[in-house]
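In the working numbering, the protein residues as written are 4 to 348.
Since the structure comes first, as C-alpha cells, the remarks are kept for the end.
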Amino acid sequence: MNSLAGSRNDARHVAIKSFAYHVPERVVSNQELAGSLDTSDEWIVSHTGIRQRHIAARDQASSDLACRAARQVLQNSDVAAEEIDLIVLATATPDYNGFPSTACVLQDMLGCRNAVAFDITAACSGFIYGLEIARSMMIAGPDYNKALVVGAEVFSKIINWQDRSTCVLFGDGAGVALLSRDSSATLVLDSLLKSDGKGAEKLWVPEGGSRAPFCPGRSQAMAPRKYVEMDGRAVYNFAVAANQEILNEILERNGLTVADLRYIVPHQANLRIIQAIAKREKIPMEMFFTNIDRYANTSAASIPIALAELAASGDLRAGDLILCLGFGAGLTYAGVLLQWGKSSQ
4 MNSLAGSRND
14 ARHVAIKSFA
24 YHVPERVVSN
34 QELAGSLDTS
44 DEWIVSHTGI
54 RQRHIAARDQ
64 ASSDLACRAA
74 RQVLQNSDVA
84 AEEIDLIVLA
94 TATPDYNGFP
104 STACVLQDML
114 GCRNAVAFDI
124 TAACSGFIYG
134 LEIARSMMIA
144 GPDYNKALVV
154 GAEVFSKIIN
164 WQDRSTCVLF
174 GDGAGVALLS
184 RDSSATLVLD
194 SLLKSDGKGA
204 EKLWVPEGGS
214 RAPFCPGRSQ
224 AMAPRKYVEM
234 DGRAVYNFAV
244 AANQEILNEI
254 LERNGLTVAD
264 LRYIVPHQAN
274 LRIIQAIAKR
284 EKIPMEMFFT
294 NIDRYANTSA
304 ASIPIALAEL
314 AASGDLRAGD
324 LILCLGFGAG
334 LTYAGVLLQW
344 GKSSQ
C-alpha cells in the first residue's frame, strides 16, 4: 500500500541525522554466569536468545557510557558540542537518585553549554518517548535546532546477581540519536506512546524511592528490596499484546501494511517475545532486526543500539520504512515509524 496517508508528521524536516552507541569492554558469557548460578548456556539461549552481555566496570555510570556514544555521534555528523540545544536522556539507572539529572551530568561532560538537559523515566520505552519529546519541542519553537536523544543504562548495578530469573536478562550500554532540521536525514513520520500504570508492580525496584525509602539499621533478615523484581509471565503477556497493538495501530493510521516495512526493530528483551509477535501477526522473523544474543536487554539503550548497528550495516536505502517497538516498566509501550534518509549513517 505504502501511502502514508494517515501520517501525523507536522514537520518532516525534523529528522535523525546520525546514530551511535557504546557498550562496556567487559563481556560476560552465559558460561561465566553458569559458574555461579544454577543455570546453563543452553537454558539461557533457549529461553531468552541471549548468549552474552556487556557489563560496566565498577566505576562506570550511565553518563560515562552515554558520553562515549554521544561524542561518536557528534563526530559522525561533524557537529560541535556547542551547537546542541537540547539533551533528552532516557534511563532507569541514573547516575544519582533523583538529582542531579544524568542529562545535566552528560551536558557538562560533552561541553554542550547551550543545551537544555533533562532525564525521562519510561524504562525500555524511554528512547521512543525521548524521540517524540525532542521532536515535539523542535516543532513547537525555534530555540531547538539540534538535539541529542539518549538511552543509557547500567542495569548491572540494580540487579541481584544471585537471582537467575533476572540477572541473565540484562546488559549495559548506551545509544544516541542526533536530531536536526535536515530533510535528507531519517524522518520521524509517526510516534505512538502509551502507558498502563496498573501493571506498575509487575516490573519494578520496590525500595529506594519516597514510597519505600531504605531504612538504616535494617537487620540482615529483612534485606532491602533494592534490586529489579519482575513477574516474568505477566510481563511476557503484556509485551506481546502491547507490541501487537502498537504495530497495528501505527500501520493502520499511516495507510501501510507490514509488507511496506523494510525492518521492524523491537526492544531487545527476550527473543521469545519477538517470535510470539511474529507468529501471531504472521510476519517472517527475517523482518525483525535483533541483536539480543550479543547485548541482552539494555533497556532504554536497546533500540538506539539496534538502530546504530542497522545504520552501520549498509543494508538500508533512502526511503526504507523502519518501525520500532518498545515496552517496559511503568508499564509503558511505544512505537515510532521512521523513513530512512540519504544522510543517515
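No residue lacks a Cβ here, since even glycine has one placed at the ideal position from N, Cα and C.
Counted as a single uninterrupted DSSP element, the alpha helix (DSSP H) harbouring residue 280 occupies residues 274–284. Contact holds between the region 294–306 and the region 165–178, because three or more Cβ pairs, one in each stretch, are under 8 Å apart. With fewer than 16 other Cβ atoms inside 10 Å of its own Cβ, residue 288 counts as exposed.
For residue 168, the enclosing alpha helix (DSSP H) stretches over residues 167–170. For the pair of segments examined, the region 271–278 was found to touch the region 39–54: the number of CB pairs separated by less than 8 Å reaches three.
Cβ contact annotation for residue 217 (same chain, cutoff 8 Å, sequence separation greater than five): 210, 211, 227, 229, in chain order. Ranking 243, 167, 104 by CA distance to the CA of residue 335 puts 243 first.
When 183, 208, 313, 306 are compared, the shortest CA-CA separation from residue 128 is found for 306. Collapsing the DSSP output to three states places residue 194 in a strand. Taken through DSSP and simplified to helix, strand or coil, residue 24 comes out as strand. Note on geometry: alpha-carbon atoms of residue 171 and residue 238 lie some 16 Å from one another.
The closest CA to that of residue 71, considering only 24, 282, 111, is found on 24. Within the same chain, no Cβ atom closer than 7 Å to the Cβ of residue 101 is found once the five residues on either side in sequence are excluded.
Under the criterion of beta carbons closer than 8 Å, residue 121 and residue 91 qualify as touching, at roughly 7 Å. Between residue 339 and residue 134, the CB-CB gap stays under 7 Å. Per DSSP, residue 129 is one residue of the alpha helix (DSSP H) stretching across 129–143.
Residue 130 places its beta carbon 7 Å or farther from that of residue 311. Within a 10 Å sphere around the beta-carbon of residue 266 sit 16 or more other beta-carbons, which makes this residue buried. By the Cβ rule, the region 189–208 does not count as touching the region 97–112, because fewer than three pairs are nearer than 8 Å. Within a 10 Å sphere around the beta-carbon of residue 67 sit 16 or more other beta-carbons, which makes this residue buried. For the options 234, 322, 119, 259, the alpha carbon positioned closest to that of residue 332 is the one of 234. Residue 294 sits in coil when the DSSP states are folded into three classes, being neither helix nor strand. Looking at the backbone, the Cα of residue 35 and that of residue 140 are separated by about 45 Å. Sequence-distant partners of residue 63 (beyond 5 residues in either direction) whose C-beta falls short of 7 Å from its own C-beta, in its chain, are 27, 157. Contact between residue 109 and residue 149 does not hold, since the beta-carbon distance rounds to 15 Å and is not under 8 Å. Under the three-state reduction of DSSP, residue 81 is assigned to coil, being neither helix nor strand. In the three-state scheme derived from DSSP, where H, G and I count as helix and E and B as strand, residue 300 is classed as strand. By the beta-carbon neighbour count (other beta carbons within 10 angstroms, threshold 16), residue 251 is exposed. If you ignore the 5 residues before and after residue 47, its C-beta comes within less than 7 Å of the C-beta of 33, 53, 171, all in its own chain and listed in chain order. Taking 8 Å as the upper bound for CB-CB distance, residue 19 and residue 143 are not in contact here, some 18 Å apart. Taking the CA atoms as reference points, residue 17 sits about 14 Å from residue 87. Per DSSP, reduced to three states, the secondary structure at residue 68 is helical.
Within its own chain, the residues whose Cβ lies closer than 8 Å to the Cβ of residue 119, once the five positions on either side in sequence are excluded, are 88, 89, 90, 147, listed in chain order.
Cβ contact annotation for residue 184 (same chain, cutoff 7 Å, sequence separation greater than five): 16, 17, 148, in chain order. Under the DSSP definition of a beta bridge, residue 327 partners with 268, 339.
The secondary-structure analysis by DSSP pairs residue 55 across a beta bridge with 32.
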